[in-house]
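Q: The structure is given below, and queries will be raised subsequently.
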Amino acid sequence: MEHGTPPINELVSGKLAQDMGLLKTILDRSSDIVFREFQLGDAQTAVIIFLDGMVNTIIVDSDIMQPLLKYGETMLQKSRLSLTGLETLLQNQVITAAQVNSGERIQEVVDHVLCGDTVLLIDGVNKALFISAKGWGKRAVEEPATEAVIRGPREGFTENLLTNISLIRRRLRTPQLKIEGLQLGQLSKTDVAIAYLEGIADDAIIAEVRERVGRIDIDAILESGYVEELIEDNSYSIFPQVNYTERPDKIVANLLEGKVGILIDNTPFALIVPVTFFEMMQASEDYYQRYVISTLIRLLRYLFLIIALLLPSLYIALLTFHQEMLPTSLLLSAAASREAVPFPAIVEALLMEISFEALREAGVRLPRPVGQSVSIVGALVIGEASVSAGIVSAPMVIIVSITGIASFIIPSYSQAITIRLLRFPMMILAGTLGLYGVLLGVLFILIHMARLRSFGVPYLSPLAPMHASDLKDALVRVPWWGMVRRSTETSKNNPRRMKGSLRPRPPKRGG
Numbered sequence: 001m002e003h004g005t006p007p008i009n010e011l012v013s014g015k016l017a018q019d020m021g022l023l024k025t026i027l028d029r030s031s032d033i034v035f036r037e038f039q040l041g042d043a044q045t046a047v048i049i050f051l052d053g054m055v056n057t058i059i060v061d062s063d064i065m066q067p068l069l070k071y072g073e074t075m076l077q078k079s080r081l082s083l084t085g086l087e088t089l090l091q092n093q094v095i096t097a098a099q100v101n102s103g104e105r106i107q108e109v110v111d112h113v114l115c116g117d118t119v120l121l122i123d124g125v126n127k128a129l130f131i132s133a134k135g136w137g138k139r140a141v142e143e144p145a146t147e148a149v150i151r152g153p154r155e156g157f158t159e160n161l162l163t164n165i166s167l168i169r170r171r172l173r174t175p176q177l178k179i180e181g182l183q184l185g186q187l188s189k190t191d192v193a194i195a196y197l198e199g200i201a202d203d204a205i206i207a208e209v210r211e212r213v214g215r216i217d218i219d220a221i222l223e224s225g226y227v228e229e230l231i232e233d234n235s236y237s238i239f240p241q242v243n244y245t246e247r248p249d250k251i252v253a254n255l256l257e258g259k260v261g262i263l264i265d266n267t268p269f270a271l272i273v274p275v276t277f278f279e280m281m282q283a284s285e286d287y288y289q290r291y292v293i294s295t296l297i298r299l300l301r302y303l304f305l306i307i308a309l310l311l312p313s314l315y316i317a318l319l320t321f322h323q324e325m326l327p328t329s330l331l332l333s334a335a336a337s338r339e340a341v342p343f344p345a346i347v348e349a350l351l352m353e354i355s356f357e358a359l360r361e362a363g364v365r366l367p368r369p370v371g372q373s374v375s376i377v378g379a380l381v382i383g384e385a386s387v388s389a390g391i392v393s394a395p396m397v398i399i400v401s402i403t404g405i406a407s408f409i410i411p412s413y414s415q416a417i418t419i420r421l422l423r424f425p426m427m428i429l430a431g432t433l434g435l436y437g438v439l440l441g442v443l444f445i446l447i448h449m450a451r452l453r454s455f456g457v458p459y460l461s462p463l464a465p466m467h468a469s470d471l472k473d474a475l476v477r478v479p480w481w482g483m484v485r486r487s488t489e490t491s492k493n494n495p496r497r498m499k500g501s502l503r504p505r506p507p508k509r510g511g
């Protein structure tokens with residue numbers, strides 16, 4: 001070990017003084033580590049080791065200490081009990097905690113203590129008992145702050161992995177739901193769970209997720225973003241290839257489509273793989289509203305997606321290179337508003353867009369009550385002052401405002417950021433090449449997206465490659481009775497969602 005730390009791969013010797021000395025050396029300068037020594041009968045010495053603040057002291061007192069002391073008084077003070085099988089006897093008949101395991105290495109003792117378990121060492125016994133008594137402060141289940149809905153469940157994930165798994169189990173009460181656990185991070189030892197539905201999810205995708213997550217070798221995992229960057233297909237692409245959510249109902253819906261969920265301890269955001277472009281434009285509420293409303297809202301999102309990406313670029317290209325394409329009255333109005341502006345349209349647009357993005361970022365970083373006021377007041381004041389000073393034109397303020405509103409309509413925050421960033425190169429292309437530059441930029445984006453994969457699934461599926469049966473839940477949403485089959489790319493094992501036809505039939509009129 002580095003920095004003079006003693007080796008911790010040794011076996012538990014059974015000599016309590018020696019083992020405690022080694023553990024105290026390893027866990028030196030850790031004031032929250034508690035060593036509680038006590039007598040187990042007449043002459044038997046024992047110690048429990050736990051991390052203060054990470055255990056439930058009520059469980060330690062009632063399920064560990066009291067049974068051990070009571071057992072020692074009744075059995076060991078009469079005659080010294082044989083040490084053979086003592087740890088098995090205590091594990092199976094004395095300690096009343098729900099989970100008790102044993103181990104033989106000092107490394108295991110240290111790991112369990114730091115994970116919040118209580119460790120029991122007994123003099124003369126060369127095994128340690130690991131007793132689950134975890135109990136630290138945690139946030140209650142609340143409504144997700146980033147994915148609010150008008151109609152739908154109000155529960156959101158928390159930073160506790162077991163709580164998050166229970167929220168999924170409540171919605172999928174089937175043995176087909178598999179939760180595979182592992183630890184990532186040499187120092188953080190963060191618990192990670194891979195969730196999928198056996199018999200629905202594609203075995204190849206499950207194996208690929210296992211392989212990519214399992215090969216992560218890093219010092220610490222502090223948030224799901226670490227894992228996201230380490231498992232995505234194309235790390236140089238600006239488009240997100242892993243979806244994330246705070247909503248248990250959303251991850252359950254994706255598991256039912258044959259996808260795989262990755263849950264990480266200490267973060268309320270769960271990852272979903274694979275993902276497509278069209279899924280990033282869908283919201284949980286789309287499936288709780290009636291299909292007509294959901295379809296219209298989806299079409300509105302795609303319209304404003306185009307506006308968020310192309311509106312400033314089209315304005316720049318038309319005013320700079322293609323004035324003949326504008327109606328005369330509109331051209332004269334735009335020319336009059338720009339008469340006092342000293343900058344070309346491209347510089348004017350970049351100034352306003354950068355200022356708007358800075359205000360939006362400032363609003364996010366400031367405390368919530370202050371941030372919203374700063375964003376709104378700042379945009380109004382700066383926009384009005386800029387027009388009055390003749391730095392920018394009034395139409396440009398309108399264009400930037402509409403573009404900003406359009407980017408907020410995109411449900412996925414990571415997808416919205418991607419569109420916001422792509423807007424700047426599109427404006428530069430429009431300012432240098434006009435509409436030809438805009439067309440080249442759109443073609444480049446489409447070609448890149450067509451080549452992109454998320455765990456082997458084409459990013460533009462079901463449009464490219466074409467899966468006609470999956471188009472029922474892409475640009476539009478058909479009624480639930482019409483979505484008989486799951487996604488073609490991710491649920492090849494069990495493609496049918498429902499048996500027979502559930503289409504409502506009107507009652508027959510009596511004569």
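Start counting the sequence shown at 1; every next residue gets the next number (UniProt numbering).
From the three backbone atoms N, C-alpha and C, an ideal C-beta is built for every residue, glycine too.
If we count the other Cβ atoms within 10 Å of its Cβ and call it buried at 16 or more, is Ala358 buried or exposed?
A: So Ala358 counts as exposed.
Q: Going straight from the alpha carbon of Gln77 to that of Arg139, what length do you get?
A: Bear in mind that the predicted position of Gln77 carries a pLDDT of just 48, short of 50, making it unreliable; the figure below should be weighed with that in mind. Between Gln77 and Arg139, the C-alpha separation is close to 45 Å.
Q: Who does Asp458 pair with in a DSSP beta bridge?
A: Per the sequence shown, residue 458 should be read as Pro rather than Asp. Arg453, per the DSSP bridge assignment.
Q: What is the rounded straight-line gap between the Cα of Lys189 and the Cα of Glu159?
A: 15 Å
Q: Report the option in Ser30, Phe269, Ile419 whose CA atom is closest to the CA atom of Leu446.
A: Of the listed residues, the one whose Cα sits closest to Leu446 is Ile419.
Q: Which of the three DSSP states is assigned to Val192 in this structure?
A: strand
Q: Please return the same chain residues whose Cβ sits closer than 6 Å to the Cβ of Lys134, not counting the five positions on each side in sequence.
A: Closer than 6 Å at the Cβ level, and outside the excluded window around Lys134, lie Gly116.
Q: Which whole runs of the alpha helix (DSSP H) in the stretch 111–144 are 4 residues long or more, in chain order?
A: none
Q: Glu348: buried (16+ other C-beta within 10 angstroms of its C-beta) or exposed?
A: buried
Q: For the stretch 475–492 against the stretch 291–306, are there 3 or more C-beta pairs whose distance is under 8 Å?
A: yes
Q: Since Gly441 and Leu452 are thought to touch, with beta carbons under 8 Å apart, how far apart are those beta carbons, to the nearest angstrom?
A: Actually they do not touch by this definition, with Cβ atoms about 17 Å apart.
Q: Based on Cα-Cα distance, which residue from Val242, Tyr288, Ser294 lies nearest to Phe272?
A: As written in the sequence, residue 272 is Ile, which differs from the Phe given in the question. Looking at the Cα atoms, Val242 is the closest of the given residues.
Q: Within 10 angstroms of the Cβ of Gly383, are there 16 or more other Cβ atoms? Answer buried if so, exposed if not.
A: buried
Q: Please report the distance separating the alpha-carbon of Thr267 from that of Asn164.
A: Taking the CA atoms as reference points, Thr267 sits about 10 Å from Asn164.
Q: Check whether the Cβ atoms of Gly72 and Gln93 lie closer than 8 Å to each other.
A: no
Q: Let's test the definition: count the other Cβ atoms within 10 Å of the Cβ of residue 513 and tell me whether it reaches 16, buried, or not, exposed.
A: Nothing about residue 513 can be read from this structure; the chain reaches only from 1 to 511.
Q: If the criterion is Cβ atoms closer than 8 Å, does the pair Arg105 and Val12 meet it?
A: yes
Q: Taking only three categories from DSSP, how would you classify Thr158?
A: coil
Q: Taking the alpha-carbon of Phe356 as reference, which of Leu162, Met65, Leu380, Ser62 has the nearest alpha-carbon?
A: Leu380
Q: Taking only the alpha-carbon atoms, compute the straight-line gap between Asp18 and Ser102 and give it to the nearest angstrom.
A: Looking at the sequence shown, residue 18 is not Asp but Gln. Cα to Cα, the separation comes out at about 19 Å.
Q: Relative to the C-alpha of Pro504, which residue among Ser329, Trp481, Ser487 is closest?
A: Trp481
Q: So, helix, strand or coil for Leu366, using DSSP?
A: coil
Q: Quick one: is Tyr236 buried, meaning 16 or more other Cβ sit within 10 Å of its Cβ, or exposed?
A: exposed
Q: Could you have a look at Tyr244 and say whether DSSP puts it in helix, strand or coil?
A: strand
Q: Let me know the secondary structure DSSP gives Asn9 once reduced to three states.
A: coil
Q: Please confirm whether Gly14 and Asn126 have their CB atoms less than 8 Å apart.
A: yes
Q: Look up Asn101 in the DSSP assignment and say whether it is helix, strand or coil.
A: strand
Q: Taking contact to mean 3 or more Cβ pairs, one atom from each stretch, closer than 8 Å, check whether the stretch 331–348 and the stretch 456–469 are in contact.
A: Taking 8 Å as the limit for Cβ pairs, the verdict is that the stretch 456–469 does not touch the stretch 331–348.
Q: For Val149, which option in Pro411, Asp28, Leu167, Val100 has the closest C-alpha, if you only look at C-alpha atoms?
A: Pro411
Q: Should Gly500 go down as buried or exposed, given a rule of 16 or more other Cβ atoms within 10 Å for buried?
A: exposed
Q: Taking all protein chains shown into account, decide if Ala317 is buried (16 or more other Cβ within 10 angstroms of its Cβ) or exposed.
A: buried
Q: What's the gap between the Cα of Glu208 and the Cα of Ile200?
A: 16 Å
Q: Would Val292 be called buried (16 or more neighbouring beta carbons within 10 Å of its own) or exposed?
A: exposed
Q: Using 10 angstroms around the beta-carbon of Gly4, count the other beta-carbons present and answer buried if the total reaches 16, otherwise exposed.
A: Note that Gly4 has pLDDT 48, beneath the 50 cutoff, so the model's placement of it is unreliable and the number below is only indicative. Exposed, because fewer than 16 other Cβ atoms sit within 10 Å of the Cβ of Gly4.
Q: Please determine, among Val227, Ile354, Leu69, the residue with the shortest C-alpha to C-alpha distance to Gln44.
A: It is Leu69.
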